[in-house]
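These protein sequences, in sequence, are chains E, U and S.
So the number in the numbering used here is just where the residue sits in the first sequence, counting from 1, plus 11.
So the number in the numbering used here is just where the residue sits in the second sequence, counting from 1, plus 135.
So the number in the numbering used here is just where the residue sits in the third sequence, counting from 1, plus 8.
Inspection log for the structure reproduced underneath, given as structure tokens.
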Amino acid sequence: MSISELVCGDGFRRFEGGRITVSDDTSRPFAVVDPSKLELTVESGVKCRLVILHTQPNEMTARIGLEPDAELSVADIYLASTFAEVDVRQKERSVCRFTTVEMQSANVVYGMSLDGVGASCTSDGVFIGSGDDHCVFELTVRHNVSDCTSSSLVKGVVGGRATGEFRGLVYVAPDAQRTDAQQQSRNIESGNDAHIITKPQLEIYADDVRCSHGATVGQIDDDAVFYMRQRGLSEAEARRLQIEGFVGDITMHCPVESLKEPLTDILKTKLEKL
Amino acid sequence: MKQKDTDIIGDIENREYKYGFTSDIETETIPRGLDENVIRLISRKKGEPDWMLEMRLKAYRHWLTMEMPTWAHLDIPPIDFQDIIYFASPKKPSGITSADDIDPELKRTFDKLGIPLEEQLALSGGVAVDAVMDSVSVKTTFKEVLAEKGIIFCSMSEALRDYPELVRKYLGSVVSYADNFYSALNAAVFSDGSFCYIPKGVRCPMELSTYFRINAAGTGQFERTLIVADEGSYVSYLEGCTAPRRDENQLHAAVVEIVVLRDAEVKYSTVQNWYPGDKDGRGGIYNFVTKRGICYENARLSWTQVETGSAITWKYPSCVLLGDNSAGEFYSVAMTNNFQQADTGTKMIHIGRNTRSRIVSKGISAGRSQNSYRGLVKVAKGADNARNYSQCDSLLIGDKCGAHTFPTIDSRNSSAVLEHEATTSKISEEQLFYCNQRGLSTEDAVGLIVNGYAKEVLNKLPMEFAVEAQKLLSISLEGSVG
Amino acid sequence: MLIIKNLHARVADKEILKGIDLEVRAGEIHAIMGPNGSGKSTLAGVLAGNEKYTVTEGEVTFEGRDLLAVPVEERARMGLFLGFQYPVEIAGVSMANFMKLAVAERRRYLGEEPLTASEFLRLMREKGAIVELDSKLTSRAVNEGFSGGEKKKNEIFQMAMLDPKLAILDETDSGLDIDALRIVATGVTKLHTAENATVVITHYQRLLDYIVPDYVHVLYNGRIIHSGDKSLALKLEKEGYDWLINDYKE
Numbered sequence: 012m013s014i015s016e017l018v019c020g021d022g023f024r025r026f027e028g029g030r031i032t033v034s035d036d037t038s039r040p041f042a043v044v045d046p047s048k049l050e051l052t053v054e055s056g057v058k059c060r061l062v063i064l065h066t067q068p069n070e071m072t073a074r075i076g077l078e079p080d081a082e083l084s085v086a087d088i089y090l091a092s093t094f095a096e097v098d099v100r101q102k103e104r105s106v107c108r109f110t111t112v113e114m115q116s117a118n119v120v121y122g123m124s125l126d127g128v129g130a131s132c133t134s135d136g137v138f139i140g141s142g143d144d145h146c147v148f149e150l151t152v153r154h155n156v157s158d159c160t161s162s163s164l165v166k167g168v169v170g171g172r173a174t175g176e177f178r179g180l181v182y183v184a185p186d187a188q189r190t191d192a193q194q195q196s197r198n199i200e201s202g203n204d205a206h207i208i209t210k211p212q213l214e215i216y217a218d219d220v221r222c223s224h225g226a227t228v229g230q231i232d233d234d235a236v237f238y239m240r241q242r243g244l245s246e247a248e249a250r251r252l253q254i255e256g257f258v259g260d261i262t263m264h265c266p267v268e269s270l271k272e273p274l275t276d277i278l279k280t281k282l283e284k285l
Numbered sequence: 136m137k138q139k140d141t142d143i144i145g146d147i148e149n150r151e152y153k154y155g156f157t158s159d160i161e162t163e164t165i166p167r168g169l170d171e172n173v174i175r176l177i178s179r180k181k182g183e184p185d186w187m188l189e190m191r192l193k194a195y196r197h198w199l200t201m202e203m204p205t206w207a208h209l210d211i212p213p214i215d216f217q218d219i220i221y222f223a224s225p226k227k228p229s230g231i232t233s234a235d236d237i238d239p240e241l242k243r244t245f246d247k248l249g250i251p252l253e254e255q256l257a258l259s260g261g262v263a264v265d266a267v268m269d270s271v272s273v274k275t276t277f278k279e280v281l282a283e284k285g286i287i288f289c290s291m292s293e294a295l296r297d298y299p300e301l302v303r304k305y306l307g308s309v310v311s312y313a314d315n316f317y318s319a320l321n322a323a324v325f326s327d328g329s330f331c332y333i334p335k336g337v338r339c340p341m342e343l344s345t346y347f348r349i350n351a352a353g354t355g356q357f358e359r360t361l362i363v364a365d366e367g368s369y370v371s372y373l374e375g376c377t378a379p380r381r382d383e384n385q386l387h388a389a390v391v392e393i394v395v396l397r398d399a400e401v402k403y404s405t406v407q408n409w410y411p412g413d414k415d416g417r418g419g420i421y422n423f424v425t426k427r428g429i430c431y432e433n434a435r436l437s438w439t440q441v442e443t444g445s446a447i448t449w450k451y452p453s454c455v456l457l458g459d460n461s462a463g464e465f466y467s468v469a470m471t472n473n474f475q476q477a478d479t480g481t482k483m484i485h486i487g488r489n490t491r492s493r494i495v496s497k498g499i500s501a502g503r504s505q506n507s508y509r510g511l512v513k514v515a516k517g518a519d520n521a522r523n524y525s526q527c528d529s530l531l532i533g534d535k536c537g538a539h540t541f542p543t544i545d546s547r548n549s550s551a552v553l554e555h556e557a558t559t560s561k562i563s564e565e566q567l568f569y570c571n572q573r574g575l576s577t578e579d580a581v582g583l584i585v586n587g588y589a590k591e592v593l594n595k596l597p598m599e600f601a602v603e604a605q606k607l608l609s610i611s612l613e614g615s616v617g
Numbered sequence: 009m010l011i012i013k014n015l016h017a018r019v020a021d022k023e024i025l026k027g028i029d030l031e032v033r034a035g036e037i038h039a040i041m042g043p044n045g046s047g048k049s050t051l052a053g054v055l056a057g058n059e060k061y062t063v064t065e066g067e068v069t070f071e072g073r074d075l076l077a078v079p080v081e082e083r084a085r086m087g088l089f090l091g092f093q094y095p096v097e098i099a100g101v102s103m104a105n106f107m108k109l110a111v112a113e114r115r116r117y118l119g120e121e122p123l124t125a126s127e128f129l130r131l132m133r134e135k136g137a138i139v140e141l142d143s144k145l146t147s148r149a150v151n152e153g154f155s156g157g158e159k160k161k162n163e164i165f166q167m168a169m170l171d172p173k174l175a176i177l178d179e180t181d182s183g184l185d186i187d188a189l190r191i192v193a194t195g196v197t198k199l200h201t202a203e204n205a206t207v208v209i210t211h212y213q214r215l216l217d218y219i220v221p222d223y224v225h226v227l228y229n230g231r232i233i234h235s236g237d238k239s240l241a242l243k244l245e246k247e248g249y250d251w252l253i254n255d256y257k258e
């Protein structure tokens with residue numbers, strides 16, 4: 012079953028975008044396909060999950076608000092080139108988790124604002140570009156108050172003549188003490204016409220903080236390739252498997268269990284064509 | 136503890152800038168302002184060849200079309216470029232005729248700065264110094280010793296007179312006048328600086344050093360340094376700078392170009408201690424500097440900088456790794472206090488195959504200062520097997536300052552392995568407590584911790600400089616607690 | 009099965025192997041012992057085809073083929089297995105997926121039909137039992153987060169899955185507690201048949217209490233300086249290497 016069919020099925024609560032307020036816990040994830048506008052509020056103490064699926068070229072603006080103690084997990088999946096702006100505002104102790112998958116050219120801009128003490132957000136993502144794709148993943152996390160936590164891990168793989176860009180920023184406002192923020196950008200280029208640009212940035216105005224970021228390009232582990240070849244895998248296979256593992260790590264943490272397998276399959280197919 | 140912190144921070148804010156004195160030296164200056172006539176005047180005063188004047192005018196005309204860069208994380212007040220004196224030179228008192236004799240007052244100034252202009256006073260195995268006061272080089276030591284090995288070490292003015300072809304071949308070849316706003320300005324009005332040429336296969340037997348001093352009020356300093364290390368040669372080069380305390384801001388816009396030919400190695404170390412302004416942010420030097428080196432096959436260029444001075448620093452010593460197997464390094468400690476602002480880092484441009492680069496940056500922010508690391512690691516398409524490792528750490532002392540990290544990695548080659556890591560933290564209370572418990576004062580403990588934090592970079596400095604840099608860090612920061 | 013003649017090899021500019029001669033026949037177990045830095049792991053690496061090492065002289069034939077001309081994966085498919093001293097962690101690649109691919113390659117080389125999914129799962133269970141491998145580990149990423157003991161068990165598990173002609177076990181006993189050592193060594197013994205051969209590289213004789221070698225060789229300074237039967241290992245444990253190596257010190 013394709014992802015589109017899956018999210019239209021009984022396991023999900025379909026809606027058409029627009030404005031929605033979630034005021035009760037629900038085990039079935041919300042699902043929305045190709046919205047152009049989305050305003051979601053998760054009420055105080057409520058837990059929910061959301062799948063945003065992009066299947067055709069589009070533009071989307073999403074505003075998401077988390078009231079105190081709310082918990083939201085989002086799978087944001089780009090199967091088509093989309094310009095997306097996602098703005099998330101979090102109040103006290105709210106928890107937000109994003110898993111983003113960009114399967115081709117897309118320009119995705121996230122702005123996460125931690126506005127309430129004790130809020131936390133995790134934004135993980137993967138982008139894969141082939142052919143002439145241009146994938147952009149922009150992520151700004153604003154620690155506006157004290158005692159918030161954020162972490163992000165974004166992985167990029169580009170082949171063909173594709174370009175992959177990660178632009179990250181962790182901003183820590185004055186007095187946002189005891190901030191714990193991490194941002195990691197990991198990338199692999201496959202083939203000699205691919206292009207990676209990564210800019211992880213830190214802008215920090217408070218002193219009692221633990222902030223770190225990192226970025227890597229390349230880093231196919233030669234020891235692992237040798238290990239796999241020693242078990243009989245060809246070098247190309249060993250490299251492909253490593254890249255698969257590299258990005259599979261993100262989809263494996265997709266908050267919606269039933270999406271993990273179809274996402275992994277799409278990734279595999281895409282990587283085989285890289 | 137909190138009360139004590141405040142005391143200590145107050146204490147460092149009030150600390151005196153040790154090199155803030157003014158020397159009473161008669162100075163010849165030209166009127167304020169900049170136009171083509173001023174440029175012709177500078178060129179004429181220096182007795183330059185025509186091609187040099189042409190280069191200056193070309194740069195000036197280009198500069199007129201440019202705007203001050205605003206992309207840095209800096210708050211730069213408007214600068215009136217017509218309100219600056221573009222040339223100032225200490226006058227020789229009557230009676231001094233020989234080129235080797237210098238004004239005793241000038242000598243006293245450099246003695247006070249700890250820079251002996253008399254060779255017999257230099258430490259054994261010593262350091263050859265080119266001393267630059269305001270717009271001119273006043274003395275270069277150990278020239279004869281160096282000449283025996285064929286090494287040329289002199290002021291830029293002398294170089295233009297004595298080795299015009301060599302200068303013409305390389306000047307502007309690494310940093311073009313059109314590179315940026317300040318490099319254009321520098322190319323138009325530069326007055327002096329150092330020139331250094333190490334012949335093929337020669338290991339320079341002593342450290343070469345340029346000491347820059349701004350003395351005259353209202354002047355800008357625009358020096359130009361050119362180092363050419365011919366094939367298989369080696370040189371270690373040091374640069375130091377100070378200026379008097381003044382309430383006005385003074386502009387320093389220098390250009391340093393380094394050409395590292397095949398199999399050669401250059402180490403360039405800077406201890407930058409320009410007057411940083413007072414505790415309320417009045418005065419201080421604007422330090423807008425372009426430094427870049429180009430490495431040919433198997434060549435190696437290593438930048439080490441300890442930046443503690445200047446009101447505003449805008450500086451990115453860079454390496455163009457053009458030749459196969461060439462290597463670039465950048466080691467930096469940048470410390471800002473009070474209202475100082477620094478936006479500094481490096482660019483590593485990998486073009487040749489098997490090129491390697493390494494970046495270690497340690498930022499320390501205190502007071503109300505803003506301290507940014509900005510870096511670019513670029514791998515061109517043909518740069519197979521490029522390797523870079525970057526480590527950028529920031530240390531915050533007090534909750535009114537800022538520490539920022541703006542790296543960019545741009546890779547077009549799939550065999551590149553590039554890694555950047557950065558952390559931001561404050562001095563840990565546990566470390567302080569541990570030191571206190573062993574009987575160290577908080578002041579000493581902070582000095583110790585900061586020096587430990589910066590050690591990886593300080594270790595890269597030549598011995599004499601490392602000691603000076605260590606003292607500088609302790610003096611400026613001793614006692615500050617986050 | 010394996011014939012090594014006058015093998016010399018270097019890593020970077022340093023010559024490590026300085027003329028190794030060794031023959032291993034089907035059904036045999038050889039132990040290679042020697043002090044640190046004598047070249048034991050280098051020998052294992054050269055035989056497996058690690059490109060870190062450069063062979064400068066000598067020849068190696070395996071199953072009648074010039075082994076040195078064969079790439080790493082081909083050697084593995086021929087049935088040469090290296091048990092790593094430090095098994096490599098591979099993030100995001102599950103053990104099951106990894107083994108599925110490896111077994112498929114080996115079977116294809118042998119001209120056997122690929123296994124069906126259920127046959128493969130049965131094989132995993134069966135072989136996992138040999139080293140008492142926790143079945144949960146096979147759904148995890150390769151070696152990632154495995155304890156030292158688990159990693160070594162996992163090596164022997166993979167050996168069981170791939171059914172090699174020749175297994176070279178590089179310090180398989182290092183970092184194991186006594187229970188894990190027993191399990192790993194018993195596993196190796198169970199896998200030993202008259203058709204295959206095993207070379208164990210070890211520091212300690214204790215492994216040889218479980219895996220009884222037909223021959224014990226002492227490697228020192230890049231050469232095999234002494235060979236004997238299993239009693240040699242016991243003597244080495246009691247008396248150390250000094251009595252042997254004094255004549256060979258540089």
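The beta-carbon is built from N, C-alpha and C at its ideal position, and this holds for glycine as well.
Note that this is a predicted model, so its numbers are computed, not measured.
Amino acids of chain E, ordered along the chain, whose beta-carbon sits closer than 9 angstroms to that of residue i
i	result
residue 396/U	Neighbours of residue 396/U on chain E: none; closest Cβ ~29 angstroms, over 9 angstroms.
residue 554/U	225, 226, 227, 228, 229 and 230
Outcome for residue i when other beta-carbon atoms lying within 10 angstroms are tallied against a minimum of 16
i	result
residue 51/E	buried
residue 25/S	buried
Endpoints, the beta strand (DSSP E) within which residue i is located
i	result
residue 98/E	93-101
residue 287/E	For chain E, the structure presents residues 12 to 285; residue 287/E sits outside this window and is missing.
residue 375/U	369-377
residue 582/U	Not the beta strand (DSSP E): residue 582/U falls in the alpha helix (DSSP H), residues 577-593.
The alpha helix (DSSP H) enclosing residue i, as first and last residue numbers
i	result
residue 185/U	185-199
residue 187/S	186-199
residue 251/S	250-253
Residue i - DSSP class collapsed to helix/strand/coil
i	result
residue 542/U	strand
residue 256/E	helix
residue 39/E	coil
residue 407/U	strand
residue 187/E	coil
residue 118/E	strand
residue 434/U	coil
residue 329/U	strand
residue 291/U	helix
residue 217/S	helix
Closer than 8 angstroms at the beta carbon, the chain U residues around residue i
i	result
residue 210/E	541, 542, 543 and 544
Residue i - partner residues in DSSP beta bridges
i	result
residue 422/U	387/U and 448/U
residue 172/E	According to DSSP, residue 172/E bridges with nothing at all.
residue 211/E	179/E
residue 245/E	Looking at the DSSP assignment, residue 245/E forms no beta bridge with any residue, so it has no partner.
Chain-ordered chain U contacts of residue i [CB-CB under 9 angstroms]
i	result
residue 234/E	Those do not exist, as residue 234/E stays about 13 angstroms from chain U at its closest Cβ, beyond 9 angstroms.
Partners in chain S for residue i, counting only beta-carbon separations shorter than 7 angstroms
i	result
residue 245/E	81
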